[in-house]
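Chains as they are written, first to last, in my numbering: chain A, 1 to 295; chain B, 296 to 590.
Have a look at this one:
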């Protein structure tokens, strides 16, 4: 078995790991070369400059993420849900046959509108392997959070939530930006929980977000607590829509500071969170490599 | 009875009307001198340059709006709800006693958080007078929409919705801005209604907003229809939270293009809208002037 170069090429970041035949991650590299920074004809050159030194004749490269989008290196298909590991492993888009391939994303039709993911499917299947699970509800918080339902190792449902992006818009560009401190103070756990609780019983973010301003206006919350309160409002709004029951458990994957906030918010609903580290993508790509006949 | 200079001094605009003793609006002026453009000590000079020529010894000036906020000319109190016309007329903040006064705003405590308005209270009481109503549900769409309940001529409930601002943030600063046309195409009534309907049955704006992107990605909606669709999503989200019943009616006040959209969205819910023109503020200020002993 040859070695694998596993690449996670997203909108704003590019990460790669060199993985030995025994599965060990030998080395990792990260670059600020998300696909939004790469012109349509620059992908081969950017790839070479970042990972060319790792690409010998014994190396297979698998790439997941937005590199497979219309604005990426090579458009990879979406596998319609329900979709299992075999579906994505069987529909790789080959940039160089036998050498460099891009993993397809997933699509779904819910309530009259489509939804999509690229990259998270690999994280999800990797996490299932790491945890030994066949059924799970998974949460991948971020700029665009994903909620994913897996039944019998197939993704049967998922949805995208613009939680992180709308928080950033409110934080930086809305009228609230005038009330909130310019730079982020230390997180305030009590204010965050107050925001989550207000969102859970509230009338919707279009209204509750304004309370960030009015609590400050009436001097009922210190300025340094307001960003955490607003974060709680936005994350609470996301959780409110997930039909969670007391006693449920979810798998939580993402940046540590953010998953810690979700864990705290989920605990308010009595939902347990099992965290998975950032090795899930590498594990998913390695599993795909293992399905290839000549690998 | 002397003549009245009625002024609506908001965050981003300044409008004034000279009103004769018989109630006729003699002349109107508008300036791009909202309070956000005025330094704390500049208010008297800006007022003089805009309206000085109208201020003779026979003229009373009443000002409603953000000019009474902490960042305005002189802080006017908030009257806590329930509040009636007499409450605001009786608590004017005098800039120059007997000559120039600012109308107080309203505040309310709902679900553990305060809410406020400044300026809309005058519009509301003016609209009640124009329409001869003692009880009404009123909607004032805008950057921050207000929903107001009036019972026996008292404001018993109200709430603020950041609908217009969040639409603008999504339209101009979010990932959706890359998908939407740079300048606004003609409104698309069908796409708008599709957005409203999707919001009404949907999982919340954090999710549905992303459908603006996916409908475009799968070429299921033309680029020129997307801004109207997004507008429908945001307005539909606001309406979803108002506990409206088929057969209800509301009073609708605001800019004609925006109130037309709300009227269309409300019709989908079977709610009739009665529109009031922009004379409501002048009518409200005139009614306050009529309560003053020496006016």
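All C-beta atoms in this analysis are idealised placements derived from N, C-alpha and C, irrespective of residue type, glycine included.
So, do the segment 518–525 of chain B and the segment 481–499 of chain B have three or more beta carbon pairs nearer to each other than 8 Å?
-> yes
*Within its chain, find whatever has a CB closer than 8 Å to the CB of residue 287 (chain A); leave out the 5 residues flanking it on each side and keep chain order.*
As a working mapping, residue 287 (chain A) is identified with position 287 in the first chain. Closer than 8 Å at the Cβ level, and outside the excluded window around residue 287 (chain A), lie 85, 89, 125, 126, 129.
Self-check item: Own chain residues within Cβ distance below 6 Å of residue 151 (chain A), not counting five before or after
Solution: On the first chain, position 151 is the one that residue 151 (chain A) refers to. Here the set comprises 135.
TODO: Please list, in chain order, all residues of the same chain as residue 472 (chain B) whose beta carbon is under 7 Å from its beta carbon, the five residues on each side excluded.
DONE: Taking the second chain and counting its residues from 1, the one referred to as residue 472 (chain B) is at position 177. 466.
Could one say the Cβ of residue 192 (chain A) lies closer than 8 Å to chain B's Cβ atoms, at least one of them? Numbered from its first residue, the first chain carries residue 192 (chain A) at position 192. No - not a single Cβ of chain B is within 8 Å of the one on residue 192 (chain A).
*What do you get for residue 529 (chain B), buried or exposed, if any count of 16 or more other CB atoms within 10 angstroms of its CB means buried?*
On the second chain, residue 529 (chain B) is found 234 positions in, with the first residue counted as 1. Under this definition residue 529 (chain B) is a buried residue.
key: Run of the beta strand (DSSP E) containing residue 382 (chain A), from where it starts to where it stops   = Nothing can be reported for residue 382 (chain A), as the shown portion of chain A is limited to 1 through 295.
Does DSSP classify residue 578 (chain B) as helix, strand or coil?
Your numbering for residue 578 (chain B) matches position 283 in the second chain. Of the three classes helix, strand and coil, the one that applies to residue 578 (chain B) here is helix, per DSSP.
(request) Check distances from the C-beta atoms of the segment 391–420 of chain B to those of chain A and list, in chain order, the residues that come in under 9 Å. (result) 402, 405, 406, 407, 408, 409, 410, 411
Check your understanding: Given that a residue counts as buried once 16 or more other Cβ atoms are within 10 Å of its Cβ, and exposed if not, what is residue 56 (chain A)?
Key -> Against the first chain, residue 56 (chain A) aligns to sequence position 56. With fewer than 16 other Cβ atoms within 10 Å, it is exposed.
Please confirm whether residue 456 (chain B) and residue 230 (chain A) have their CB atoms less than 8 Å apart. For the purposes of this step, residue 456 (chain B) is taken as the residue at position 161 of the second chain. For the purposes of this step, residue 230 (chain A) is taken as the residue at position 230 of the first chain. Not in contact: residue 456 (chain B) and residue 230 (chain A) (Cβ atoms no closer than 8 Å).
**Asked** Any idea what DSSP makes of residue 532 (chain B), helix, strand or coil?
**Response** Sequence index remark: in the second chain, residue 532 (chain B) carries index 237 (1-based). Three-state DSSP puts residue 532 (chain B) in a helix.
Looking only at its chain, what residues have a beta carbon closer than 8 Å to the beta carbon of residue 544 (chain B), apart from the 5 residues adjacent to it on each side?
Counting from one through the second chain, the residue named residue 544 (chain B) turns up at place 249. Same-chain partners within the cutoff: 432, 566, 567, 568, 569.
Q.
Taking the alpha carbon of residue 68 (chain A) as the reference point, which residue from A:45, A:52, A:51, A:11 has its own alpha carbon closest?
A. Translated into positions along the first chain, residue 68 (chain A) becomes position 68. Comparing Cα positions, the closest option is A:11.
* Asked: In chain order, what residues of the segment 478–505 of chain B put their CB closer than 8 Å to some CB of chain A?
  -> 493, 496, 497, 498, 499, 500, 501, 502, 503, 504, 505
Residue 4 (chain A), buried or exposed, once every other Cβ within 10 Å from all chains shown has been counted against 16 = To locate residue 4 (chain A), count along the first chain from 1; it is residue 4. The residue is buried, with at least 16 neighbouring Cβ atoms inside 10 Å.
Got a sec: which bits of the segment 7–18 of chain A sit with their beta carbon under 8 Å from any beta carbon on chain B, in order along the chain?
-> none
DSSP-derived helix/strand/coil call for residue 308 (chain B): To locate residue 308 (chain B), count along the second chain from 1; it is residue 13. Reduced to three states, the DSSP call for residue 308 (chain B) is coil.
Quiz item: Where do the N-terminal and C-terminal ends of the alpha helix (DSSP H) with residue 504 (chain B) fall, by residue?
Solution: Along the second chain, read from residue 1 onward, the residue named residue 504 (chain B) stands at position 209. Run containing residue 504 (chain B): 500–512, per the alpha helix (DSSP H) assignment.
Assess, as a yes-or-no matter, whether the segment 310–325 of chain B is touched by the segment 366–380 of chain B under the definition of 3 or more beta carbon pairs within less than 8 Å. With the rule of 3 Cβ pairs closer than 8 Å, the segment 366–380 of chain B does not count as touching the segment 310–325 of chain B.
Self-check item: Collapsed DSSP secondary structure at residue 134 (chain A) in the structure displayed
Solution: Residue 134 (chain A) sits at position 134 when you count from the first residue of the first chain. Residue 134 (chain A) carries a coil assignment under DSSP once its states are collapsed to helix, strand and coil.
What does the alpha-carbon distance come out to for the pair residue 587 (chain B) and residue 408 (chain B)? Counting from one through the second chain, the residue named residue 587 (chain B) turns up at place 292. Counting from one through the second chain, the residue named residue 408 (chain B) turns up at place 113. About 34 Å.
**Prompt:** So with Cβ pairs under 8 Å, would you call residue 561 (chain B) a contact of chain A?
**Reply:** Translated into positions along the second chain, residue 561 (chain B) becomes position 266. False, the Cβ-Cβ gap to chain A never drops below 8 Å.
Query raised in the report: Which residues, taken in chain order from the segment 234–254 of chain A, show a beta carbon closer than 8 Å to some beta carbon of chain B?
Result: 234, 237, 238, 240, 241
**Asked** Got a sec? Which residues, its chain only, sit under 6 Å from residue 63 (chain A) by beta carbon, not counting five neighbours each side?
**Response** What you label residue 63 (chain A) is simply residue 63 of the first chain in a count that begins at 1. Cβ within range, chain order: 7, 9, 102.
By how many angstroms is the C-alpha of residue 474 (chain B) removed from the C-alpha of residue 105 (chain A)?
By one-based count along the first chain, residue 105 (chain A) stands at place 105. By one-based count along the second chain, residue 474 (chain B) stands at place 179. For residue 105 (chain A) and residue 474 (chain B), the distance between alpha carbons rounds to 20 Å.
Tell me the rounded alpha-carbon separation between residue 215 (chain A) and residue 372 (chain B).
Counting from one through the first chain, the residue named residue 215 (chain A) turns up at place 215. Counting from one through the second chain, the residue named residue 372 (chain B) turns up at place 77. Using only the alpha carbons, I get a separation of about 16 Å.
| So which of B:349, B:442, B:318 has the shortest CA-CA distance to residue 539 (chain B)? | For the purposes of this step, residue 539 (chain B) is taken as residue 244 along the second chain, with counting starting at 1. Looking at the Cα atoms, B:442 is the closest of the given residues.
Margin query: Mapping the DSSP letters down to three states, classify residue 404 (chain B) as helix, strand or coil.
Written below: In the second chain, counting from the first residue as 1, residue 404 (chain B) sits at position 109. Three-state DSSP puts residue 404 (chain B) in a strand.
*When you compare only the Cα positions, how much space is there between residue 449 (chain B) and residue 497 (chain B)?*
What you label residue 449 (chain B) is simply residue 154 of the second chain in a count that begins at 1. What you label residue 497 (chain B) is simply residue 202 of the second chain in a count that begins at 1. Residue 497 (chain B) has its alpha-carbon roughly 34 Å from the corresponding atom of residue 449 (chain B).
inquiry  = For residue 487 (chain B) and residue 559 (chain B), which I take to be in contact (beta-carbon distance under 8 Å), what is that distance rounded to the nearest angstrom?
reply    = Taking the second chain and counting its residues from 1, one reaches residue 487 (chain B) at position 192. Taking the second chain and counting its residues from 1, one reaches residue 559 (chain B) at position 264. Cβ-Cβ separation between residue 487 (chain B) and residue 559 (chain B): approximately 7 Å, consistent with a contact (criterion under 8 Å).
Problem - Cβ-based burial, residue 94 (chain A) [other Cβ within 10 Å; buried from 16] - result: As a first step, residue 94 (chain A) is located in the first chain; it is residue number 94 there, counting from the start. Looking at its Cβ environment, which holds fewer than 16 other Cβ atoms inside 10 Å, residue 94 (chain A) is exposed.
- Message: Counting only beta-carbon separations shorter than 8 Å, does residue 88 (chain A) have a partner in chain B?
- Response: Within the first chain, residue 88 (chain A) is the residue found at index 88, counting from 1. Taking Cβ atoms only, chain B never reaches closer than 8 Å to residue 88 (chain A), which makes this a no.
Use the C-beta contact count for residue 321 (chain B): other C-beta atoms within 10 angstroms, 16 or more gives buried, fewer gives exposed. Working through the second chain from its first residue, we reach residue 321 (chain B) at position 26. Residue 321 (chain B) should be labelled exposed.
*asked:* Does any residue of chain B have a CB that is nearer than 8 Å to the CB of residue 35 (chain A)?
replied: The residue given as residue 35 (chain A) occupies position 35 in the first chain. Taking Cβ atoms only, chain B never reaches closer than 8 Å to residue 35 (chain A), which makes this a no.
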